[in-house]
Structure formats: structure tokens, C-alpha cells
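Note that numbering that gives the first Met the number 0 gives residue 352 to position 353 of the sequence shown, counting from 1, and the numbers run on in steps of one. These notes concern the structure reproduced below.
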Amino acid sequence: MRVALTPVAILALTASVGSVWAQDLVVKIGHVGPISGPIAHLGKDNENGARLAVEELNARGVMIGGKKAKFELIAEDDAADPKQGTAAAQKLVDAKVSGVIGHLNSGTTIPASKIYNDAGIPQISPSATNPKYTRQGFNTAFRVVADDVHLGGTLGRYAVKDLKGKSIAVIDDRTAYGQGVADEFEKAVKAAGGTVIGREFTSDKATDFMPILTTLKGKKPDVVFFGGMDAVGGPMLKQMKSLGISAKFVGGDGICTTELIKLAGDAMADGQVVCAEAGGVDGNLKKAMDDFGARYKKRFNDDVKLYAPYVYDAVFVMVDAMQRAKSSDPAKYLPELAKTNYKGVTGTIAFDNKGDVKNGALTLYTYKTGKRDPIAVVR
0 MRVALTPVAI LALTASVGSV WAQDLVVKIG HVGPISGPIA HLGKDNENGA RLAVEELNAR
60 GVMIGGKKAK FELIAEDDAA DPKQGTAAAQ KLVDAKVSGV IGHLNSGTTI PASKIYNDAG
120 IPQISPSATN PKYTRQGFNT AFRVVADDVH LGGTLGRYAV KDLKGKSIAV IDDRTAYGQG
180 VADEFEKAVK AAGGTVIGRE FTSDKATDFM PILTTLKGKK PDVVFFGGMD AVGGPMLKQM
240 KSLGISAKFV GGDGICTTEL IKLAGDAMAD GQVVCAEAGG VDGNLKKAMD DFGARYKKRF
300 NDDVKLYAPY VYDAVFVMVD AMQRAKSSDP AKYLPELAKT NYKGVTGTIA FDNKGDVKNG
360 ALTLYTYKTG KRDPIAVVR
């Protein structure tokens with residue numbers, strides 16, 4: 000028995016089929032960062048960068064292999080904890096994501112990277128700087144910022160040659176990031192002819208630094224390097240001030256945030272803090288970064304904290320590889336990801352044979368009158 004369709008029914012059927020065609024390729028992109036815990040403000044900043052990228056890609060109507068792609072962000076919280084990080088990684092693998100942007104910390108990025116590699120899922124970290132991450136032989140691991148060898152080394156040389164440090168103390172928080180960058184800093188200080196008068200340790204959850212600072216005070220340091228994050232660095236500056244330690248306070252990207260100003264309060268003297276952020280632009284690239292900051296502020300009613308632009312670029316780099324491969328299948332677009340040459344808001348991104356960004360930049364900063372003030376971009 001044949002049933003004649005009314006014009007209304009035909010229109011409804013056509014609309015239904017058209018809807019399926021319009022969304023015939025769903026691409027899941029995972030993001031992992033610490034959305035809870037002491038550095039949740041940085042984790043949320045990273046997640047916001049990914050969310051902004053996904054929203055802009057969907058608004059553009061990106062085509063992959065002749066199909067319109069609908070991007071979905073699947074965000075997980077690792078709380079900067081390695082065990083939670085591997086659990087989050089497994090959840091993303093089980094969700095069959097096409098790729099992962101993250102994690103924020105080296106301590107979570109490195110153990111998670113094996114899980115992604117075993118599943119053949121590309122991973123781009125926008126902020127993990129420990130060299131080990133890209134030196135495990137995983138062809139799925141990439142990063143869009145300079146590593147600790149470059150960052151710690153630059154700061155070590157700067158402490159000796161520019162800050163004229165004679166008695167340099169080193170403290171780290173025993174995380175993969177904090178210890179790694181402190182090790183590279185110490186090596187560079189010694190290579191530049193400087194003297195390390197003491198090496199002390201704390202943790203990324205500590206709040207009392209009086210014992211180690213009292214020990215260092217007796218050695219009269221003129222530079223104190225801290226390998227760790229702003230949530231620890233700010234209170235440490237307060238306790239240094241209470242002990243009368245007026246040494247320069249030097250650190251990596253973990254402390255190099257606008258949040259440090261709030262966390263340190265009036266304990267931070269103008270020019271006392273010198274830090275380096277992995278990444279940075281100057282000259283004709285500055286406008287693109289400023290424009291990104293304005294879009295971010297409009298969308299989230301907040302300023303960029305640190306790594307959001309690198310997360311944003313990492314998403315676009317991943318999607319660019321999918322477009323060139325005409326597929327969101329990890330096995331098909333992974334070879335194209337390795338060949339990346341993408342001009343983003345943070346500059347041109349291309350990877351070496353380890354997955355590290357080529358010609359990675361660093362920006363040296365200090366703080367004056369309650370604002371972060373750039374010193375120089377170094378490559």
C-alpha cells in the first residue's frame with residue numbers, strides 16, 4: 000500500500016534530513032587542567048582558551064573532508080594531581096575524543112601522555128615545560144611553548160649577568176615542573192660563573208616556609224629562585240618580607256601571572272620579582288595577541304591569566320591538521336600535525352622531530368606599581 004506524503008510532511012522530512020547532513024561530523028576535543036585546587040584560576044584560564052577556540056570554529060562552519068564539522072569540548076579536571084590526571088586521560092580515551100589539549104602541569108601531562116600514546120590520540124600541551132614530556136619517544140606528544148631547558152637556562156644566566164647575583168638560593172616545590180625548572184636554573188647559574196649558596200625544598204600545597212627561609216637568610220642571598228606556582232610563590236614573598244629578606248625573587252612561568260600581585264600583596268617591591276613566561280610576542284605580532292585578549296575579555300568578563308592564548312592556538316593547530324588530512328581520525332591527521340606550520344595569535348607554530356615547538360619564545364617580566372611589566376622577548 001503506497002502512502003502519499005502531504006507537502007507539509009515532505010517539508011518536515013527534508014528539514015530532518017538536512018539537519019543530519021548539516022551535522023554529519025561531530026569532532027570531540029578533550030581539554031584537561033586543574034579546575035579545582037590552588038591553581039584552579041590557571042586551569043580555568045586554559046579551559047576558557049579552548050572553549051573560545053571551539054566556539055569560534057563552530058561559528059565559522061569549518062569543513063573537514065567535505066563535511067561540516069561540529070566541535071564539542073569535553074573538559075576534565077585533574078586538580079594538578081598525577082593520579083587524577085591519568086584518570087581524566089582514560090575518560091577522554093573512553094569518550095573517543097579526536098585529540099587532547101592539555102594538561103597544564105608537567106606532573107600530570109607526563110603520566111597522561113602514555114595513555115594517549117597507547118590509544119593513538121594526539122596531545123598538545125599548551126603549558127607543560129618539563130623536557131621529559133617530548134623525550135619519551137611518543138609521536139603523539141606535542142607542545143606549543145619552550146621547555147624548561149630554555150626557560151630555566153635563560154633565567155639562570157639572567158640572574159648572574161643582568162641581576163649581578165653573587166649569592167643565589169634555589170627553592171623548588173618537588174613537582175615535575177618545579178624541580179625541573181629549578182634544576183635547569185641551577186645548572187645555568189653555575190655555567191655562568193654564579194654561586195648557589197643553598198637548595199631547599201617545599202611542596203605545591205605548603206603554606207609555611209619559615210624554616211627554609213630562615214635557613215637561607217643566614218646565608219645572605221641576593222637572589223632567591225623559586226620553582227613552582229603562584230599560589231605558593233605569593234605567600235612565600237610575604238614570609239620573605241616578614242623575615243627581612245629583600246633579595247630578588249626569580250621564577251618561571253608558574254609564578255609569572257597577574258594573580259601573583261594579589262597573592263603577594265604589599266610584600267612585592269617594585270622590580271623585586273623577575274620571571275619568565277614560556278611564549279611571548281613582540282613587534283607586529285602584538286596586535287593579534289591584544290585582539291585575542293579583547294575577545295577573551297568580552298566572552299568571559301575576565302582578563303587572560305597566562306596560557307589561554309596558547310591553548311587557543313593549540314586547538315586551531317589540531318583542527319588545521321584535520322583539515323589538511325581531510326579527516327578527524329587521529330591515525331589519519333597525526334602525520335599532518337607533525338608537519339604543522341601555522342600562524343597563530345602566539346606566533347608561527349611548527350614542531351621539531353620530538354614534538355617541541357621550533358624557535359620557542361620566552362618573555363621576561365618584572366612587576367612595577369602593581370602591574371606586570373615586560374622586560375624583553377627572548378628566543
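The C-beta atom is built at its ideal place from N, Cα and C for all residues, glycine as well.
> For M239, which of helix, strand or coil comes out of DSSP?
Replying inline: helix
>> Given this structure, state the Cα-to-Cα distance separating S245 from A111, to the nearest angstrom.
In response: 40 Å
>> DSSP has T365 in a bridge; who is on the other side?
In response: V273, D372
>> I'd like the list of long-range same chain contacts for F141, defined as Cβ closer than 6 Å, with 5 residues on each side in sequence excluded.
In response: I123, F350, G354
> Where does the unbroken alpha helix (DSSP H) through T153 begin, and where does it stop?
Replying inline: 147 to 160
> Quick one: what's got a C-beta closer than 6 Å to N45's C-beta in the same chain, skipping five residues either side?
Replying inline: G32, L103, Y306, V310
> Assuming V344 contacts L361 under a Cβ cut-off of 8 Å, what Cβ separation, rounded to an integer in Å, is found between them?
Replying inline: With a Cβ gap of about 17 Å, V344 and L361 do not count as contacting.
> By Cβ distance, which residues of its chain are closer than 7 Å to D312, with the 5 residues on each side in sequence left out?
Replying inline: V143, G343, V344, T345, I348
>> Given this structure, state the Cα-to-Cα distance separating A21 from N57, to the nearest angstrom.
In response: In this predicted model, A21 has a pLDDT of only 46, less than 50, meaning its place in the structure is not dependable; the value taken from the coordinates is given anyway. Taking the straight line joining both Cα atoms gives about 12 Å.
> What alpha helix (DSSP H) runs, 4 residues minimum, are completely inside the stretch 206 to 271?
Replying inline: 209 to 216, 229 to 241, 258 to 263
> Who are F340's beta bridge partners in DSSP?
Replying inline: Position check: residue 340 holds Asn in this sequence, whereas Phe was assumed. Looking at the DSSP assignment, N340 forms a beta bridge with A349.
> Between which two residues does the alpha helix (DSSP H) harbouring L72 extend?
Replying inline: Premise fails: L72 lies in the beta strand (DSSP E), 66 to 76, not in any alpha helix (DSSP H).
> Rounded to the nearest angstrom, how far is the Cβ of K218 from that of G192, given a contact under 8 Å?
Replying inline: Going by Cβ atoms, the distance from K218 to G192 rounds to 18 Å, so no, they are not a contact pair.
>> According to DSSP, is K189 part of a helix, a strand, or is it coil?
In response: helix
> How is G359 classed by DSSP in three states: helix, strand or coil?
Replying inline: coil
> Quick one: any contact between the stretch 156 to 174 and the stretch 206 to 218, if contact means 3 or more CB pairs under 8 Å?
Replying inline: yes
> What is the DSSP secondary structure of Q122, reduced to helix, strand or coil?
Replying inline: strand
>> Taking only three categories from DSSP, how would you classify F315?
In response: helix
>> Only counting the same chain, and skipping five residues up and downstream in sequence, which positions put a Cβ closer than 7 Å to that of Q271?
In response: K247, F248
> In chain order, what residues of the same chain lie with their CB nearer than 6 Å to the CB of L363, ignoring the 5 residues before and after it?
Replying inline: A275, I374, A375
>> Let's see if you can read the secondary structure: which residues bound the alpha helix (DSSP H) around D44?
In response: 39 to 59
> Excluding sequence positions up to five away, which residues of its chain have a Cβ less than 6 Å from the Cβ of K216?
Replying inline: L242, I244
> Which of the three DSSP states, helix, strand or coil, is assigned to L91?
Replying inline: helix
>> Taking the alpha helix (DSSP H) that F291 belongs to, which residues open and close that run?
In response: 285 to 299
> Can you round the beta-carbon distance between G359 and A277 to whole angstroms, since I take them to be within the 8 Å contact cut?
Replying inline: 7 Å
>> Applying the 10 Å Cβ sphere with the 16-neighbour rule, what's the burial state of M317?
In response: buried
>> What does the alpha-carbon distance come out to for the pair M62 and V303?
In response: 29 Å
> Terminal residues of the continuous beta strand (DSSP E) containing A168?
Replying inline: 167 to 171
>> Cutting at 7 Å between CB atoms, please list the residues of its own chain near R371, excluding the five before and the five after it.
In response: T257, Y364
>> Can you list, in chain order, the residues of its chain with a C-beta nearer than 7 Å to that of A320? Leave out the 5 residues immediately preceding and following it.
In response: Y332, E335, L336, T339
>> Which residue wins for smallest C-alpha separation from H149, given the options A181, L284, L162?
In response: A181
> For G369, which residues from the same chain have a beta carbon less than 6 Å from its beta carbon, with the 5 sequence-adjacent residues on both sides left out?
Replying inline: I260
>> I'd like the span of the beta strand (DSSP E) that includes K27, first residue to last.
In response: 24 to 32
> A307 by DSSP, collapsed to three states: which one?
Replying inline: helix
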